[in-house]
Amino acid sequence: MSIPKKNASIVWKHFRRDPNTPDEATCSICNNKYKRSNGTTNLLDHLKRKHFTVLCRDELQHTETEQIEEDRNQPGTSGERQSTGVFSPCNNPVMAVTSVVEPVLKRQKQLLLSNRFGTPSENQVRAFHEAIVKMIAEDLQPLSIVENSGFRSMIQLLDSRYEIPSRRSLGRTIIPRIFSTVQSKVEALLNEARHVAITTDIWTSINTDSYLTMTVHFLSQTQLKTLVLCTKKLDCNHTGANICEIMREELNKWNIFEKVVAVVTDGGANIKSAVRHMGLSHLPCTAHKLNLIVQKALEL
32 MSIPKKNASI VWKHFRRDPN TPDEATCSIC NNKYKRSNGT TNLLDHLKRK
82 HFTVLCRDEL QHTETEQIEE DRNQPGTSGE RQSTGVFSPC NNPVMAVTSV
132 VEPVLKRQKQ LLLSNRFGTP SENQVRAFHE AIVKMIAEDL QPLSIVENSG
182 FRSMIQLLDS RYEIPSRRSL GRTIIPRIFS TVQSKVEALL NEARHVAITT
232 DIWTSINTDS YLTMTVHFLS QTQLKTLVLC TKKLDCNHTG ANICEIMREE
282 LNKWNIFEKV VAVVTDGGAN IKSAVRHMGL SHLPCTAHKL NLIVQKALEL
């Protein structure tokens, strides 16, 4: 017995024909009437737009039927397969279920994404790339995360249309493009700022590498903005003069040296010396001072 066309079987499972109006059909779910002309395209579009969950369920049921029919049409009988003594999925309930579920999920994914939405646009691809870069930056993840099998499987499950960029593509093309865009936005904000304050600190990574981070604070249309200007690895001696040159270079790069009203740091002699070398106003970090006071008090 031949199986009806998939789209037609799905449509007429949820639509009723009316002999008085042969060019219309009534939806059994919402009882609305729709033109059907000489085909079922309009009716199928209605199911996709208004009853997509029901359509997906029917698609899964149809796929299961196709899988069973395909298994029945395979050469040989179940008795012949068992007589060989070779392990068969049918002898294992878990593998038997998996052999049916996997193609069903694959068919469902194609229906939900490719058939409904089509190929992602250039803007969507850019948004995907930006989301990955943002995740890497905010969560301090390595670029190699895009090559991890677990990450790739998750992205494919969320949206199979998306082609995950390689680590090489991220580092050479995508991140530099996004960095350039963000840099332009930061420059525009800093150009509008009349005065800025700087906070800076030297810290050590788990690999015992030393870094200098500089953060700028300013008002933009009555809103306080805080932006990280840089995080630079310190390969030189941590003298006041060396730190001064690094900070001066960064402030000049952003054209804000003349706008700095104060630089807030901890009580380190080298960082305080660097600020004095630049001729800028220095303020000690209150939180750092309080932390030292509490630690000393706990030692009593």
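Numbering-wise (this note's numbering), the sequence shown opens with residue 32 and increments by one. Just so it is clear, CB atoms sit at the ideal spot from N, CA and C, and this is done for glycine as well.
So, is ALA56 buried or exposed, given that buried needs 16 or more other C-beta atoms within 10 angstroms?
buried
For the 8 angstroms Cβ check, are there 3 or more pairs between the region 257 to 276 and the region 199 to 211?
no
Which one of SER312, GLU281, ILE287 has the shortest CA to CA distance from ALA293?
SER312
In this structure, does DSSP put HIS313 in helix, strand or coil?
strand
Over the uninterrupted beta strand (DSSP E) stretch that includes PHE210, give me the two end residues.
Careful: PHE210 lies outside any beta strand (DSSP E), inside the alpha helix (DSSP H) at 206 to 223.
For VAL325, does the count of other Cβ atoms within 10 angstroms reach 16, so buried, or fall short, so exposed?
exposed
With DSSP collapsed to three states, give me the class of GLN252.
coil
Relative to the alpha-carbon of TRP234, which residue among TYR242, ALA228, ASN62 has its alpha-carbon at the smallest distance?
TYR242
Does DSSP put ALA318 in a helix, a strand or coil?
helix
Identify the residues that DSSP records as bridge partners of ASP232: which are they?
Answer is THR244.
Check whether the Cβ of LEU171 lies closer than 9 angstroms to any Cβ atom in chain B.
Annotation note: the requested chain B is absent from the structure, which comprises a single protein chain.
Could you compute how far the alpha carbon of LYS66 sits from the alpha carbon of VAL85?
Their Cα atoms are separated by approximately 21 angstroms.
For LEU329, which three-state DSSP category applies?
helix
Taking the alpha helix (DSSP H) that VAL156 belongs to, which residues open and close that run?
153 to 169
Out of LYS284, ARG279, LEU321, ARG203, state which residue places its alpha-carbon closest to the alpha-carbon of ASP297.
Among LYS284, ARG279, LEU321, ARG203, the Cα nearest to that of ASP297 belongs to LEU321.
Just confirm the distance between the C-beta atoms of LEU260 and THR246, as a whole number of angstroms; I'd bet it's less than 8 angstroms.
That pair is a contact at about 7 angstroms.
Suppose only complete runs of 3+ residues qualify. What are the beta strand (DSSP E) ranges in the region 268 to 302, listed by chain order?
291 to 296
For PRO315 and VAL164, what's the separation of their Cα atoms in angstroms?
Between PRO315 and VAL164, the C-alpha separation is close to 35 angstroms.
Take the Cβ of ALA219 as the centre, count every other Cβ of all protein chains shown within 10 Å, and call the residue buried at 16 or more, exposed below.
Answer is exposed; the Cβ neighbour count stays below 16.
Give the secondary structure of CYS61 by DSSP, where H, G and I count as helix, E and B as strand, and everything else as coil.
coil
Note down the Cα distance separating LEU329 from LEU323, rounded to an integer number of angstroms.
Their Cα atoms are separated by approximately 10 angstroms.
Please report the distance separating the alpha-carbon of GLU289 from that of LEU201.
36 angstroms
In its own chain, which residues sit with a C-beta less than 7 angstroms from the C-beta of THR257, not counting the 5 before and 5 after it?
THR246, HIS248
For PHE46, does the count of other Cβ atoms within 10 angstroms reach 16, so buried, or fall short, so exposed?
Classification for PHE46: buried.
Across which residues does DSSP place GLU55 in a beta bridge pair?
LYS66
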